[in-house]
Amino acid sequence: MTDPGICHGHAGLYQTAWRAAHDATDPALAARLPVLADRLGQHARPDAARGSGFLDGNAGAALALTTAAGDSAPTSGWERCLLIS
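The numbering used here applies: residue 24 is where the sequence shown begins, and numbers increase by one.
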């Protein structure tokens with residue numbers, strides 16, 4: 024996986040895993056979150072060619088990075104449209 028986006032990339036994987044880990048009773052998935060956050064950080068570089076869109080662009084990656092940095096659920100509810108909140 025090389026895409027940083029929400030739709031098919033690291034941001035979507037991280038955000039979905041973060042939500043699942045916080046709902047899970049087993050800590051195994053939560054233990055993997057730092058690795059996923061690191062990979063997201065490596066791939067989520069602002070790129071004008073990628074654009075600023077939510078699904079495939081820089082905005083979606085930035086939103087997932089915000090979750091990773093704060094290790095807390097988004098207060099804006101942006102992930103509701105993905106049905107993962």
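Built from N, CA and C at the ideal position, the CB exists for glycine as well.
Do D79 and H31 have their CB atoms nearer than 9 Å?
-> As a first step, residue 79 is located in the sequence shown; it is residue number 56 there, counting from the start. As a first step, residue 31 is located in the sequence shown; it is residue number 8 there, counting from the start. Cβ atoms of D79 and H31: closer than 9 Å.
Close Cβ partners of R68 (< 8 Å) along its chain, the five nearest in sequence each way excluded = Looking up residue 68 in the sequence shown gives position 45. Once the five neighbours on either side are set aside, the close Cβ partners of R68 are P27.
In chain order, which alpha helix (DSSP H) runs of at least 4 residues are fully inside the stretch 42-100?
-> 51-66, 81-93
Minimum C-alpha distance to Q65 - residue among I107, F77, T25, L106 | Here residue 65 refers to the residue found at position 42 when the sequence shown is read from its first residue. Comparing Cα positions, the closest option is T25.
Rounded distance between the beta-carbons of A91 and A60, thought under 8 Å = As a working note, residue 60 is residue 37 in the sequence shown. As a working note, residue 91 is residue 68 in the sequence shown. Confirmed, about 4 Å.
Taking buried to mean at least 16 other C-beta atoms within 10 Å of its own C-beta, is G35 buried or exposed?
-> If you number the sequence shown from 1, residue 35 lands on position 12. Counting Cβ neighbours within 10 Å, G35 comes out buried, since at least 16 surround it.
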